[in-house]
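K.L.:
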Amino acid sequence: MLILILFTVICLLVSLAVDRNKTFEGLKRGARMLLNLLPALLTVLSLVSIFLYLVPEGMIVKLLGAKSGVMGVAIAAAVGSIALIPAFISFPLAKILLAKGVSYTVVAVFITTLIMVGVLTLPIEFKYFGKKAAIMRNVLSFLGALVVGILIGLFI
Amino acid sequence: MTNKKVLRDYFWVVLFAIFIIGSLSLSFDPGIRIYANFSQFFLEMITFLPLMFLLVGLFDVWIPKEKIEKHIGRESGIGGTLWVILLATLQAGPLYGAFPVAYLLSHKGASVRNIFIYLGVFSAMKIPMLTFEIGFLGLKFTLLRTLFTLPVFIIIGIIMEKYVGRDFKVEAGR
Chain A
724 MLILILFTVI CLLVSLAVDR NKTFEGLKRG ARMLLNLLPA LLTVLSLVSI
774 FLYLVPEGMI VKLLGAKSGV MGVAIAAAVG SIALIPAFIS FPLAKILLAK
824 GVSYTVVAVF ITTLIMVGVL TLPIEFKYFG KKAAIMRNVL SFLGALVVGI
874 LIGLFI
Chain B
-9 MTNKKVLRDY FWVVLFAIFI IGSLSLSFDP GIRIYANFSQ FFLEMITFLP
41 LMFLLVGLFD VWIPKEKIEK HIGRESGIGG TLWVILLATL QAGPLYGAFP
91 VAYLLSHKGA SVRNIFIYLG VFSAMKIPML TFEIGFLGLK FTLLRTLFTL
141 PVFIIIGIIM EKYVGRDFKV EAGR
């Protein structure tokens, strides 16, 4: 984060030094894009907050810990696709799952679907890619995530 | 933008705000906990997104279209894909931060395949995230995941290009 701030400030200063008008034009364009995205973003964040309240971490551990085999993988894939959990929560959570004896395949499918598929962020994705492309991208990512998760389970 | 459109765009957000304010003043516990979740995400967003869009805006005015077209456009081949992968792994933040970059790249002439490869690699192979993953799940897990995931995204990129067509453009996100 600190690196990002530093990098942005340096870029901004260099840009200002070279051409003030061009810099302001860039800032204006950036701000316009941000404002366009804002309503969809706030909507998704509020949905995610409600989702996390209804399905807390403890419940995810219970859901994934109870079943193994095909059923376990199916539950992991479903939860992983829908949930939107930031990496700083999901990786520690995965470690807890492994410690509880959940199989590598189930944990791997949970992590890969979590990372690659975003059902809750679809409204934002629609705005940029249209429904057709966004849905197809998520379907393909879902299949890919399943394959990757199962392969990890086989090789680890 | 008309007032009606603003109202429609923010309808759910306003409803949510009323619910939160109501919960806080009435000490309604589920509402308070939902608010705690929300403020955590909001904080992440508000620190990260303005910087992101500032860079995107500067990128937009400074990087000429020809450069992008030449390096990651239709005729760029494997070299272009490598460029996109490098760009995506060096970034950080949630996936919705990658959409505006994808718009910009598309707008400046990047190929459809490379845009989808960029999105995939961004979502799954950012270096800051990988270091975190190694810390919790180990080097072997992380290496295996990265190794299996990369070809998957290249295949997805190729399929998406066939599916939406080479002239597909990412929208500005309104």
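These protein sequence lines map, in sequence, to chains A and B.
According to my numbering, the first sequence holds residues 724 to 879 in order.
According to my numbering, the second sequence holds residues -9 to 164 in order.
Just so it is clear, CB atoms sit at the ideal spot from N, CA and C, and this is done for glycine as well.
1. Between B:I144, B:I8, B:Y86, which lies nearest to A:V842 when the distance is taken from Cα to Cα?
2. Use the C-beta contact count for A:M756: other C-beta atoms within 10 angstroms, 16 or more gives buried, fewer gives exposed.
3. Could you check whether the Cβ of B:S17 sits closer than 8 Å to any Cβ belonging to chain A?
4. Return the chain-ordered list of same chain residues with a C-beta closer than 7 Å to the C-beta of B:A169, the five sequence neighbours on each side being excluded.
5. Name the residues in the region 85 to 112 of chain B whose C-beta lies less than 8 Å from a C-beta of chain A; which are they?
6. Taking the continuous alpha helix (DSSP H) assigned at B:D(-1), which residues delimit it?
7. Measuring only the C-alpha atoms, how far is A:M782 from A:A810?
8. Which bits of chain B does A:G753 rub up against, with CB to CB less than 8 Å?
9. Is there a Cβ from chain B that is less than 8 Å from the Cβ of A:E780?
10. Closer than 7 Å between beta carbons: that is the criterion. Which residues of the region -5 to 14 of chain B meet it against chain A?
11. Check whether chain B comes within 8 Å of A:K854, counting only Cβ atoms and requiring the distance to be less than that.
12. Using 8 Å as the limit for Cβ to Cβ distance, is B:N(-7) near chain A?
13. Does the Cβ of B:A7 have 16 or more other Cβ atoms within 10 Å, making it buried, or fewer, making it exposed?
14. Would a check of beta-carbon distances place A:K894 closer than 8 Å to chain B?
15. Exposed or buried, what is A:S772 when buried is set at 16 or more other beta-carbons lying within 10 Å of its beta-carbon?
16. When you compare the CB of A:L750 with every CB in chain B, is at least one pair closer than 8 Å?
17. Using beta carbons (cut-off 8 Å, strictly below), is A:F865 in contact with chain B?
18. Going by C-alpha distance, which of B:F126, B:L5, B:F143, B:V4 is nearest B:V102?
19. Just checking: is the beta-carbon of B:V74 within a distance shorter than 8 Å of some beta-carbon in chain A?
20. Within 10 angstroms of the Cβ of A:I726, are there 16 or more other Cβ atoms? Answer buried if so, exposed if not.
P.N.:
Checking against the coordinates, here is how it stands:
1. B:Y86
2. buried
3. no
4. This structure gives no information on residue 169 of chain B, because the portion of chain B shown stretches from -9 to 164.
5. L85, Y86, F89, P90, A92, Y93, F106, L109, G110
6. -7 to -1
7. 18 Å
8. F43, L44, L45, V46, G47, L48, D50
9. no
10. D(-1), Y0, W2, V3, F6
11. no
12. no
13. exposed
14. Here chain A has residues from 724 to 879 only, and residue 894 of chain A is not among them.
15. buried
16. yes
17. no
18. B:F143
19. no
20. exposed
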